[in-house]
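Under my numbering, the letters of the sequence shown match residues 3 to 279, in that order.
Yeah, the Cβ is synthetic: ideal placement off N, Cα and C, and Gly gets one too.
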Amino acid sequence: MSLIYLNGDYVPHEQAKISVFDRGFLFADGIYEVLPVYQGQPFMLAEHMQRLHNSLHAIGITPPHSPAEWEAILRHLLSIEQLDNAILYIQITRGAEFPRNHLPSPNMQPTVMAYLVPFTPPAGEPTPVKVELLEDIRWLRCDIKSVSLLGNILLKLQSSASGGQEPILHRAGRITEGASCNYFIVKDNELITPPADELILAGLTRQHVLNLARGAHIKVREQAFSTAELFAADECFMTSATREIIPVGQVGNEIIADGHCGPVTQQLIELFRASRS
Ligand code: PDD
Numbered sequence: 003m004s005l006i007y008l009n010g011d012y013v014p015h016e017q018a019k020i021s022v023f024d025r026g027f028l029f030a031d032g033i034y035e036v037l038p039v040y041q042g043q044p045f046m047l048a049e050h051m052q053r054l055h056n057s058l059h060a061i062g063i064t065p066p067h068s069p070a071e072w073e074a075i076l077r078h079l080l081s082i083e084q085l086d087n088a089i090l091y092i093q094i095t096r097g098a099e100f101p102r103n104h105l106p107s108p109n110m111q112p113t114v115m116a117y118l119v120p121f122t123p124p125a126g127e128p129t130p131v132k133v134e135l136l137e138d139i140r141w142l143r144c145d146i147k148s149v150s151l152l153g154n155i156l157l158k159l160q161s162s163a164s165g166g167q168e169p170i171l172h173r174a175g176r177i178t179e180g181a182s183c184n185y186f187i188v189k190d191n192e193l194i195t196p197p198a199d200e201l202i203l204a205g206l207t208r209q210h211v212l213n214l215a216r217g218a219h220i221k222v223r224e225q226a227f228s229t230a231e232l233f234a235a236d237e238c239f240m241t242s243a244t245r246e247i248i249p250v251g252q253v254g255n256e257i258i259a260d261g262h263c264g265p266v267t268q269q270l271i272e273l274f275r276a277s278r279s
């Protein structure tokens, strides 16, 4: 990563600076987006632009760029960085003002930042991972892709201290999602994932997997499932833009089914990889 898009300019990353009075720094008052690029082509661009718009709308920031302007910024970064496969990170905060005040002034100028990192799309045999079941201690608007991620980070730290890749979170025994991914289980050949309500981020990998499953005539249910259903599942996997689909072989001390990547997960991984090119 060398070039940063910052408020209309493209600057080398060591020169990209923002105010210490930026509300993103002081209050985590901002949102972000993470978009994969395969072979020079942004993946689900319209959907990512819609989610960006939804997050901005939810916190009352006027979109600083249209989707077409974002695409131009992305294409410029891709050509400068000479990357085929990349992850575009976008962050928009409410902007900076002095002195610090919880209540922002109206009509602030947002801080807009974006950059690319190289991406190696997952390939080869998927390796099932171990995850930790933890209580979801986050706020009640997890549908907003907010940079306020302290809850997620504490959960990740707790999970990694117990040897888990990602936490799988529950509220009162109902699975929600991970700290940076969505979760699915398979039971009796049916694919089940929690509904895209305010307790989870509506992952676009999740949405794509649901579409692929429906297209392959796999039965799909968007419904909350319990920790007991998780432990009794035939298969379990997580999804995110950067990891695509990762099978889960173990939750805490419990092995899920036989701990291997199950046939439905394997089929969805193959369909996903075929769909990205
Ligand atoms: N995280 N849930 C949470 C809390 C997330 O942070 C993410 C993504 C997802 C999956 O969304 P998608 O399939 O659109 O990536 C679900 C990104 C990758 C991140 O924070 O870097």
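Own chain partners of residue i with C-beta closer than 7 Å, once the 5 adjacent residues on each side are dropped
i    : result
R140 : G153, N154
G261 : P130, G251, Q252
G165 : K132
Closer than 7 Å: residue i CB and nearest ligand 1 heavy atom
i    : result
T64  : no
T95  : no
N184 : yes
N109 : no
T241 : yes
T229 : no
R208 : yes
L203 : yes
A70  : no
T195 : no
E179 : yes
V36  : yes
T267 : no
T244 : yes
Contact belief for residue i with residue j at Cβ below 8 Å, rounded distance in angstroms
i    : j    : result
L206 : R53  : 7 Å
A181 : L157 : 5 Å
D138 : H172 : 6 Å
F45  : R278 : 6 Å
P106 : R96  : 5 Å
G62  : V149 : Actually they do not touch by this definition, with Cβ atoms about 15 Å apart.
L47  : E73  : 7 Å
Beta-carbon proximity of residue i to residue j, cut-off 8 Å
i    : j    : result
C238 : I187 : yes
I271 : F227 : no
F121 : F23  : no
V119 : I248 : no
K147 : Y34  : yes
I94  : L37  : no
L193 : I170 : no
L79  : L5   : yes
A218 : A235 : no
E224 : P265 : no
Closest by C-alpha distance to residue i, when choosing among the options
i    : options                : result
V133 : L105, Y7, E256, P265   : E256
R143 : D199, S107, K19        : D199
G254 : N213, Q167, L273       : Q167
H67  : P112, Y12, P265        : P112
P124 : N87, A18, L203, A230   : N87
V114 : E127, E83, L203, E71   : E71
K189 : K221, A276, D31, L151  : K221
N56  : E83, H104, Y12, L203   : L203
V13  : E73, Q43, E83          : E83
V90  : Q43, P128, F233        : Here residue 90 turns out to be Leu, not Val, going by the sequence shown. The candidate whose alpha carbon is nearest that of L90 is Q43.
M110 : S81, G32, A18          : G32
S232 : A18, P128, T195        : Strictly speaking, residue 232 in this sequence is Leu, with Ser absent from that position. For the residues A18, P128, T195, the minimum Cα distance to L232 belongs to T195.
I92  : L201, P65, L85         : P65
L214 : K19, E127, T267        : T267
N191 : S162, Q269, E179, A163 : Q269
Cβ neighbours of residue i in the same chain (closer than 6 Å, five flanking residues each side left out)
i    : result
L28  : R102
S21  : A98
N184 : G205, R208, T241
A60  : I146
P69  : M51
A243 : V36, P38, T207
T229 : H172, G175
A30  : V149, S150
F274 : E246, I247
A18  : I6, L8
Closer than 7 Å: residue i CB and nearest ligand 2 heavy atom
i    : result
G153 : The model depicted lacks ligand 2 and carries ligand 1 instead.
8 Å CB neighbourhood of residue i in its chain, flanking five on each side removed
i    : result
Q160 : E134, L136, P169
I75  : Y7, H67, A116
E49  : L206, Q209
H104 : F29
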